[in-house]
Amino acid sequence: MAEITYLEAIRQALFEEMERDENVFCLGEDIGVYGGAFKVTDGLLARFGEQRVIDTPISEAAIVGAAAGAAHMGMRPVAEMQFIDFISVAYDMLTNYVATSRYRAGLPCPIVVRGPSGGYVRGGPFHSQNPEAAFLHTPGLKIVYPATASDAKGLLKAAIRDDDPVLYFEHKFLYRRVKEVVPDGDHVVPIGEARLAREGTDLSIITYAACVWKALEAAEQLEKEDGLSVEVLDLRSLLPMDDAAIIATVRKTNRALIVHEDTRTGGVAGEITARINEQAFEWLDAPLLRVTAADVPLPYSPPLEDYVLPQTADIVAVARRLAAY
Amino acid sequence: MAEITYLEAIRQALFEEMERDENVFCLGEDIGVYGGAFKVTDGLLARFGEQRVIDTPISEAAIVGAAAGAAHMGMRPVAEMQFIDFISVAYDMLTNYVATSRYRAGLPCPIVVRGPSGGYVRGGPFHSQNPEAAFLHTPGLKIVYPATASDAKGLLKAAIRDDDPVLYFEHKFLYRRVKEVVPDGDHVVPIGEARLAREGTDLSIITYAACVWKALEAAEQLEKEDGLSVEVLDLRSLLPMDDAAIIATVRKTNRALIVHEDTRTGGVAGEITARINEQAFEWLDAPLLRVTAADVPLPYSPPLEDYVLPQTADIVAVARRLAAY
Amino acid sequence: MATRAGGARDTQRTARAARQAAAPAEGRPSALLGRDGKVELYYYMRLTRSLEERLVNLYRQTKVVGGLFRSLGQEADAVGSAYALDRGKGDILSPLIRNLGSMLVQGARPVEILRQYMAKGDSPTRGRELNIHYGDLARGFIGQISHLGDMVPVMAGVTLSFKMRGERRVGLVYVGDGATSTAAFHEGINLAAVQRCPLVVIVENNGYAYSTPLARQTAVSELRDKALAYGIPGIRADGNDVLATYDVTKQAVERARRGDGVTLIELVTYRRKGHAEHDNQSYVPEGEIERWETTNDPIDRYVRELLEADRVPPGELSAIDERVRDEIDRATAEAEAAPLPEPEDSLVGVYSDPPAMEALWYKASMVDRPARERAAARGGSDG
Amino acid sequence: MATRAGGARDTQRTARAARQAAAPAEGRPSALLGRDGKVELYYYMRLTRSLEERLVNLYRQTKVVGGLFRSLGQEADAVGSAYALDRGKGDILSPLIRNLGSMLVQGARPVEILRQYMAKGDSPTRGRELNIHYGDLARGFIGQISHLGDMVPVMAGVTLSFKMRGERRVGLVYVGDGATSTAAFHEGINLAAVQRCPLVVIVENNGYAYSTPLARQTAVSELRDKALAYGIPGIRADGNDVLATYDVTKQAVERARRGDGVTLIELVTYRRKGHAEHDNQSYVPEGEIERWETTNDPIDRYVRELLEADRVPPGELSAIDERVRDEIDRATAEAEAAPLPEPEDSLVGVYSDPPAMEALWYKASMVDRPARERAAARGGSDG
Ligand SMILES: Cc1ncc(C[n+]2csc(CCOP(=O)(O)OP(=O)(O)O)c2C)c(N)n1
Ligand SMILES: Cc1ncc(C[n+]2csc(CCOP(=O)(O)OP(=O)(O)O)c2C)c(N)n1
Ligand SMILES: [Mg+2]
Ligand SMILES: [Mg+2]
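If you want it as structure tokens, here you go:
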């Protein structure tokens with residue numbers, strides 16, 4: 001068993017699911033002949049043909065809407081946004097049509113909408129977005145955002161098999177930078193379960209996506225330099241959120257920081273804070289602190305992007321403050 | 001000086017601002033001849049003519065985009081969404097183009113996007129939405145959501161004069177149900193300042209829009225039946241948020257509940273919780289509790305809508321729990 | 001000046017050819033309808049109108065929750081076009097707010113409509129959605145949402161799946177004149193066109209979008225021209241002539257079934273009532289409504305045709321009117337008797353799993369159910 | 001069958017009339033350009049190409065941050081169309097990614113472009129936005145954002161304001177063939193058309209949208225047909241003929257200035273490079289690129305025309321090439337010498353008020369500035 005990249009894990013999940021179930025098909029811009037802007041769908045066209053790997057016009061609302069219609073008829077569409085930033089064009093379709101379909105009409109809408117997300121890549125304000133907070137607020141959707149190759153594969157399989165719509169965000173910084181041996185066989189990671197990425201006893205870092213790796217780096221450094229034992233919880237699923245795992249780590253360490261790459265105000269960390277506050281208030285020995293991007297559109301020049309996005313040094317600084325509280 | 005309704009206050013603000021500044025104009029669906037679905041723009045066409053009161057095609061993205069373009073050229077457009085639910089179609093324009101305009105291009109984009117929002121009116125899932133949480137997450141936008149006729153007028157004037165884009169949500173349940181004498185003259189309410197709607201010492205209710213009235217009812221009842229002194233803070237502005245006022249009330253009463261009509265997960269209450277947690281942790285004698293809509297698309301039948309949305313009785317129940325904590 | 005092709009004329013030729021390909025042939029499909037079919041068309045038009053009239057009564061008695069939307073004077077276009085689908089083959093349509101008639105043709109029952117409008121617990125959406133916003137895949141109709149245009153991409157996807165699976169089924173989607181300006185209409189019809197989906201797009205041109213006349217909606221005077229931007233045939237027909245409507249739709253449906261792709265059909269009609277019951281139509285030029293009412297009522301026109309051309313005895317039609325009245329009376333009684341939904345049903349069915357959202361802990365004190373005690377007892381701690 | 005109007009023929013007549021109204025008259029506008037104007041067109045085309053070639057060098061040296069987008073073989077359409085605007089009158093354009101040439105015509109300076117690509121602190125966007133995404137109202141161009149189509153509604157609004165204020169200014173917006181499928185294109189052009197805004201929409205048909213050929217983007221074969229859905233003239237011209245491009249655009253600009261509304265112009269050209277530098281164009285049929293390069297390079301074609309028809313001495317053109325090279329050399333040196341932005345500049349200018357966002361308290365430990373001490377001293381408490 002060889003190591004595979006995060007990107008290859010996604011490709012494998014698509015491949016295997018399309019082999020497994022003939023109702024699974026892909027649609028999106030330049031996913032066929034070209035294999036996708038990042039080559040995530042490379043080889044799918046050759047294997048599955050034009051009927052199941054559909055190059056569409058530049059029409060994100062129609063891509064999502066058509067996926068929904070096909071899903072009603074029993075298909076399992078996987079729609080690609082060339083960059084996840086363009087999901088904004090499909091915001092109405094997703095929040096109003098797709099998310100409410102089962103509830104208002106009893107009509108299942110098992111679609112997956114996936115695409116390259118996130119920053120640290122000098123992509124500028126329109127090729128670096130983290131759209132999770134905009135959808136966290138929509139009952140009827142599910143949201144996953146894996147950090148590892150295994151989870152990338154297992155969560156995509158779970159998303160495709162899920163009977164409800166799932167937004168699957170893949171972090172483009174991790175595409176080729178993260179590698180591991182992925183479990184053999186039909187590896188499925190259930191939606192809604194967090195992953196304990198590192199055990200610790202002094203404080204908890206609750207995070208997801210690319211920031212998991214920064215949190216792990218920070219934990220390492222804090223252990224070496226400060227002798228602190230830091231627990232890192234990788235949420236993986238944001239909707240539904242694994243309250244049990246969040247509460248467990250907070251009750252264990254009594255101190256938590258929440259880290260995400262997305263901007264601060266209105267970001268996912270607020271929701272996590274509220275849940276901890278409601279369910280583990282008496283266990284808190286210090287305020288919950290957030291490490292996030294600054295509240296600005298993400299600029300492109302390296303010194304600006306580096307300053308705006310959360311870095312390992314930021315996590316270390318805040319963790320020290322928290323430990324000393 | 002006579003009492004005017006919340007709706008009339010909005011109409012007056014539009015009227016007065018269009019009189020004051022010839023660059024102010026309105027555009028939207030059925031706002032001219034018809035005077036708007038709720039008659040908010042009634043009379044504007046007759047007074048200001050077709051050039052300044054523009055009936056558009058059913059094209060929310062174009063309405064917002066065109067407003068932005070005109071704003072670049074020095075105009076002060078006020079765009080109406082016939083129901084605020086349709087702002088979802090303009091989500092891309094607002095979050096990507098409008099919000100970033102000043103930052104990425106140095107191009108001011110002083111537009112106002114306004115429209116009837118909120119539930120309690122048997123409007124069903126697509127005529128009752130509270131879209132604030134979807135935009136709270138977007139640096140570059142401002143968001144206001146008044147509860148009283150005076151604030152409806154004063155905040156709309158401030159929004160029109162603001163040099164940045166403002167989302168102005170008006171609560172349709174309040175349109176004709178809320179009345180008061182509005183201050184004479186050029187009444188402007190600064191964006192970013194909360195309003196203390198009721199003073200109290202035992203606990204704080206932090207809220208906005210229609211829920212302000214439910215909170216005041218609850219406070220009344222709690223005073224009568226439980227002898228509790230309840231403070232009610234009406235945020236009025238959500239972005240920027242008045243941290244000073246929020247922190248002041250929490251430090252004063254040491255117990256707070258946050259009430260909003262919007263769904264719970266990913267709602268504005270999460271952000272407020274995080275801010276209080278960060279800035280007033282040591283002052284909290286009890287967990288911050290949320291009273292919100294349940295996490296479902298808003299159903300239309302009265303028993304369902306009533307059950308899903310926050311009611312005065314809910315606030316009373318939670319306040320009692322909090323007081324007893 | 002043009003390099004890659006030969007200028008304006010070619011395009012016009014293409015457009016004309018496309019139109020001719022879909023233009024009605026000599027033998028009108030409706031000629032094959034037979035007497036029963038023709039009378040059935042009358043039944044559905046009458047049922048539509050009478051059911052809406054009943055709804056007006058209920059609305060005035062404040063038994064309707066929310067607004068009331070009429071299709072008075074537009075019954076022919078909805079009924080005639082829907083009738084062109086083949087329910088036996090699994091064709092599917094998606095109606096808009098003025099296409100009650102199309103749903104009735106697909107088998108929607110008056111009692112369902114009444115329950116929807118009265119927000120009853122046993123309405124098709126269990127009180128969650130308003131008016132005619134509901135669907136049933138088994139009977140071949142998908143419920144619309146309010147956001148105009150959104151059903152076009154959805155029906156593109158429905159029909160894409162027909163194509164992918166080699167099923168010889170057809171989809172039909174309605175939009176209003178106003179909805180042609182929406183983002184979703186454009187993206188959806190273009191995707192369907194380029195994928196040659198078996199889809200018929202009916203543009204119901206009733207002259208207004210709420211208060212906005214066509215001339216403020218678009219600079220084209222005929223909406224069939226919208227088809228030219230998508231490389232598909234655009235047909236225009238008299239939407240107040242039920243047989244003409246049937247004919248053009250039938251041809252487009254068969255074209256789609258043959259695998260020749262999307263057709264756009266503009267059906268010209270007129271909205272005689274306001275956008276909804278509350279709208280007083282003050283923006284309508286004087287006399288316009290009366291003119292359409294007196295000279296171009298689709299039911300009056302069809303009755304004349306049935307009596308004169310098809311020699312249907314008047315008594316047969318009044319018997320149908322009678323039957324429709326009975327049906328609606330029974331449905332009204334049934335719908336009125338039904339209870340409103342249970343509050344907690346609002347938590348059910350957002351996801352397949354979990355089957356219901358957990359009740360917010362403090363709601364327990366309001367609905368007195370043992371199942372909620374546990375949650376309440378937990379204290380302010382379960383979110 | 002059609003009631004309110006007379007069927008297919010009328011529409012075609014309208015469409016034809018609209019086209020003729022905008023079709024080039026006998027005297028081509030470019031005939032009035034004069035020798036200087038014609039030579040200047042050459043200068044801008046050459047400047048575009050040479051500047052991009054310099055960028056390729058810098059890209060290979062990894063001095064460009066992010067992707068590099070070429071307009072090789074498309075210089076004529078951008079330059080010729082922009083040249084038809086009247087900068088003195090305050091006309092404004094909004095370019096797309098392959099319209100560097102149009103910005104240069106409006107007065108964008110090579111050093112600005114280079115600084116943008118190198119993410120420098122003194123670039124027009126201070127390192128916030130990429131490549132040619134920037135604008136300057138004073139010089140008459142507005143910067144695009146990445147989301148395709150979004151500039152169409154924005155330019156509808158810009159030109160709406162011209163109309164409202166009675167200014168005789170014109171706007172011009174570029175979209176690619178692929179962007180015609182976007183929601184924003186549709187909503188924006190329709191609004192502009194119905195409002196008769198003084199707007200020219202250039203659809204640059206270069207055969208591909210990333211890897212997607214036109215035939216998968218839309219079922220029309222000529223993009224000018226998109227105009228027919230909006231009731232506006234649609235013109236098609238050879239985008240690799242700079243004078244033809246100038247002519248059709250000039251006529252559309254004057255039409256707009258007269259108050260006759262929107263024109264859509266399809267400029268036929270070809271994208272000889274990949275979507276961006278990293279794209280190897282494996283999806284392009286063999287020989288296609290070479291054919292365009294050898295037989296239809298817009299600069300080669302124009303050079304022949306200048307030398308033969310206008311009898312410009314070859315030395316004059318090579319002097320321009322020289323001047324361009326010098327200009328770019330100087331600009332490169334200047335741009336390379338400039339520093340990257342200061343990290344904290346990232347906090348400035350989200351709003352007019354406050355002028356900068358407060359730094360997150362923990363960032364203070366990273367950048368050692370006294371101003372931040374205060375925030376840090378406050379502890380974990382200022383959000
Ligand atoms: C995206 C969107 N914007 C606005 C509305 C509000 N709205 C509801 S119906 C209507 C007019 C519809 O006109 P048309 O499409 O011609 O249909 P008709 O009512 O005439 O049948 C409008 C503007 C909406 N439902 N969806
Ligand atoms: C709304 C949106 N969807 C997707 C993209 C990604 N994207 C960037 S350029 C491009 C192709 C553009 O093709 P075209 O419009 O023909 O312009 P060209 O590159 O050929 O000049 C795509 C799909 C985008 N920028 N915006
Ligand atoms: Mg209409
Ligand atoms: Mg192209």
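Residue numbers (this note's numbering), protein chains in the order written: chain A, 1 to 325; chain B, 1 to 325; chain C, 1 to 383; chain D, 1 to 383. Where is the CB? At the ideal position from N, CA and C, for every residue including glycine. A quick note: this is a predicted structure, and the numbers were derived from the prediction, not measured.
State yes or no: is the C-beta of G107 of chain D nearer than 7 Å to some heavy atom of ligand 3? Residue 107 of chain D sits at position 107 when you count from the first residue of the fourth sequence. G107 of chain D Cβ: outside cutoff for every heavy atom of ligand 3.
Have a look at the DSSP bridge pairing and note the partners of Y168 of chain B. Taking the first residue of the second sequence as 1, we reach residue 168 of chain B at position 168. Paired residue(s): B:R114, B:V144.
Within 8 Å (strictly less), CB to CB, does D55 of chain A reach chain D? The residue labelled residue 55 of chain A in the question sits at position 55 within the first sequence. Yes, D55 of chain A counts as interfacial toward chain D.
Per DSSP, what are the beta-bridge partners of G213 of chain C in this structure? For this step, residue 213 of chain C is matched to residue 213 along the third sequence. The amino acid occupying residue 213 of chain C in the given sequence is Pro; Gly does not appear at that position. Answer is C:Y208.
CB contact check: A187 of chain D to chain A, cutoff 8 Å: What you label residue 187 of chain D is simply residue 187 of the fourth sequence in a count that begins at 1. This sequence places Glu at residue 187 of chain D; Ala is not what is there. Answer no: the Cβ-Cβ gap between E187 of chain D and chain A never drops below 8 Å.
Considering only heavy atoms of ligand 3, does any lie closer than 7 Å to the CB of D177 of chain C? Taking the first residue of the third sequence as 1, we reach residue 177 of chain C at position 177. Answer for D177 of chain C: yes, Cβ within range of ligand 3.
Would a C-beta distance cut-off of 8 Å place R11 of chain B and V33 of chain B closer than the cut-off? For the purposes of this step, residue 11 of chain B is identified with residue 11 of the second sequence, where counting begins at 1. For the purposes of this step, residue 33 of chain B is identified with residue 33 of the second sequence, where counting begins at 1. Contact flag unset, no.
What alpha helix (DSSP H) runs, 4 residues minimum, are completely inside the stretch 245 to 318 of chain D? Those alpha helix (DSSP H) runs which fall completely within the stretch 245 to 318 of chain D and span 4+ residues are 288 to 295, 298 to 308.
Since V24 of chain A contacts I160 of chain A with CB under 8 Å, what's their CB separation in whole angstroms? The count along the first sequence starts at 1 and reaches residue 24 of chain A at position 24. The count along the first sequence starts at 1 and reaches residue 160 of chain A at position 160. Contact holds; Cβ gap of about 6 Å.
So what's Y208 of chain A in DSSP terms, helix, strand or just coil? Residue numbering aside, residue 208 of chain A sits at position 208 when the first sequence is read from its first letter. DSSP places Y208 of chain A in coil when its eight states are reduced to three.
Locate the alpha helix (DSSP H) running through S161 of chain D, then write down its first and last residues. For the purposes of this step, residue 161 of chain D is taken as residue 161 along the fourth sequence, with counting starting at 1. That run of the alpha helix (DSSP H) goes 151 to 164.
For Q61 of chain D, count the other beta carbons within 10 Å of its own beta carbon; 16 or more makes it buried, fewer makes it exposed. Which is it? Residue numbering aside, residue 61 of chain D sits at position 61 when the fourth sequence is read from its first letter. Answer is exposed; the Cβ neighbour count stays below 16.
Which residue comes first and which comes last in the beta strand (DSSP E) that contains I4 of chain A? Mapped onto the first sequence, residue 4 of chain A falls at position 4. Counting along the chain, the beta strand (DSSP E) containing I4 of chain A begins and ends at 3 to 5.
Proximity test, Cβ basis, 8 Å: Q221 of chain B and chain D: Your numbering for residue 221 of chain B matches position 221 in the second sequence. For Q221 of chain B, the answer is no, since every Cβ of chain D falls outside 8 Å of its Cβ.
For G143 of chain D, go through chain B and note every residue whose CB falls closer than 7 Å to its CB, in chain order. Within the fourth sequence, the letter at position 143 stands for residue 143 of chain D. Within 7 Å Cβ-Cβ: A105.
To which residues does DSSP link I202 of chain C through a beta bridge? Position 202 of the third sequence, counting from 1, holds the residue named residue 202 of chain C. C:Y174, C:I265, per the DSSP bridge assignment.
So what does DSSP say about L45 of chain A, is it helix, strand or coil? Numbered from 1 along the first sequence, position 45 holds the residue referred to as residue 45 of chain A. Correct three-state label for L45 of chain A: helix.
When the cut-off is 8 Å and only beta carbons count, does H72 of chain A lie next to chain B? Start at 1 with the first residue of the first sequence, and residue 72 of chain A comes out as number 72. No, H72 of chain A does not count as interfacial toward chain B.
Terminal residues of the continuous beta strand (DSSP E) containing A159 of chain A? One-based indexing of the first sequence puts residue 159 of chain A at position 159. No beta strand (DSSP E) holds A159 of chain A; the alpha helix (DSSP H) holding it covers 149 to 161.
Beta-carbon separation of S161 of chain C and M93 of chain A under 8 Å? Reading the third sequence from its first residue, position 161 is the one you call residue 161 of chain C. Reading the first sequence from its first residue, position 93 is the one you call residue 93 of chain A. The Cβ atoms of S161 of chain C and M93 of chain A lie no closer than 8 Å to each other.
Using a Cβ-Cβ distance under 8 Å, would S81 of chain C count as near chain A? Along the third sequence, one-based indexing puts residue 81 of chain C at 81. Proximity of S81 of chain C to chain A, defined by a Cβ-Cβ separation below 8 Å, is not satisfied.
Please say whether D295 of chain A and R264 of chain A have beta carbons closer to each other than 8 Å? Taking the first sequence and counting its residues from 1, the one referred to as residue 264 of chain A is at position 264. Taking the first sequence and counting its residues from 1, the one referred to as residue 295 of chain A is at position 295. Yes; because the gap between Cβ atoms is below 8 Å, this pair is in contact.
Pairwise C-alpha distance: A68 of chain B and G231 of chain D: Against the fourth sequence, residue 231 of chain D aligns to sequence position 231. Against the second sequence, residue 68 of chain B aligns to sequence position 68. One C-alpha to the other measures close to 24 Å.
What does a CB cutoff of less than 7 Å around P24 of chain C pick up in its chain, not counting 5 residues either side in sequence? The residue labelled residue 24 of chain C in the question sits at position 24 within the third sequence. With a pLDDT of 44 at P24 of chain C, under the threshold of 50, the modelled position of this residue cannot be trusted; read the value that follows with caution. If we look at P24 of chain C and ignore the five residues flanking it on each side, its Cβ neighbours are D247, V248, Q251.
Neighbouring residues, chain B, relative to S181 of chain C (Cβ below 9 Å): Position 181 of the third sequence, counting from 1, holds the residue named residue 181 of chain C. Correct list: T56, P57, I58, S59, A62.
Please confirm whether R198 of chain A and D243 of chain A have their CB atoms less than 8 Å apart. In the first sequence, residue 198 of chain A corresponds to position 198, counting from 1. In the first sequence, residue 243 of chain A corresponds to position 243, counting from 1. Result no, Cβ atoms of R198 of chain A and D243 of chain A do not sit closer than 8 Å.
Can you give me the C-alpha to C-alpha distance between K226 of chain C and A61 of chain B, rounded to a whole angstrom? Within the third sequence, the letter at position 226 stands for residue 226 of chain C. Within the second sequence, the letter at position 61 stands for residue 61 of chain B. In a straight line, the C-alpha of K226 of chain C is about 19 Å away from that of A61 of chain B.
Taking the alpha-carbon of V400 of chain C as reference, which of C:S146, C:R165, C:R109 has the nearest alpha-carbon? Because residue 400 of chain C is not part of the residues shown, which for chain C are 1 to 383, the question remains open.
Between D285 of chain A and the rest of its own chain, which residues show a CB-CB distance below 8 Å, the 5 nearest in sequence each way excluded? The sequence position of residue 285 of chain A within the first sequence is 285, counting from 1. Close CB contacts of D285 of chain A within its chain, under the 8 Å cut and outside five residues either way in sequence, are with N254, R255, Y325 (chain order).
Report the CB separation of G234 of chain D from N206 of chain D in whole angstroms; it is logged as a contact under 8 Å. Taking the first residue of the fourth sequence as position 1, residue 234 of chain D is located at position 234. Taking the first residue of the fourth sequence as position 1, residue 206 of chain D is located at position 206. Rounded, the Cβ-Cβ distance is 18 Å, inconsistent with contact.
For chain D, is any of its Cβ atoms less than 8 Å away from the one on I232 of chain C? Translated into the one-based positions of the third sequence, residue 232 of chain C becomes position 232. It does; some Cβ of chain D falls within 8 Å.
Please classify V89 of chain B: does DSSP put it in a helix, a strand, or coil? Counting from one through the second sequence, the residue named residue 89 of chain B turns up at place 89. In this structure, V89 of chain B counts as helix in the three-state DSSP scheme.
Taking contact to mean 3 or more Cβ pairs, one atom from each stretch, closer than 8 Å, check whether the stretch 178 to 189 of chain D and the stretch 146 to 159 of chain D are in contact. Output reads yes: the stretch 146 to 159 of chain D touches the stretch 178 to 189 of chain D.
Unbroken alpha helix (DSSP H) runs of length 4 or more, entirely within the stretch 13 to 57 of chain B: which are they? Entirely contained in the stretch 13 to 57 of chain B, the alpha helix (DSSP H) runs reaching 4 residues are, in chain order, 44 to 48.
To the nearest angstrom, report how far apart A21 of chain D and G261 of chain D are at their CA atoms. Within the fourth sequence, residue 21 of chain D is the residue found at index 21, counting from 1. Within the fourth sequence, residue 261 of chain D is the residue found at index 261, counting from 1. With a pLDDT of only 44 at A21 of chain D, under the threshold of 50, the placement of this residue in the model should not be trusted; the figure read from the coordinates follows. Distance between the alpha carbons of A21 of chain D and G261 of chain D is about 12 Å.
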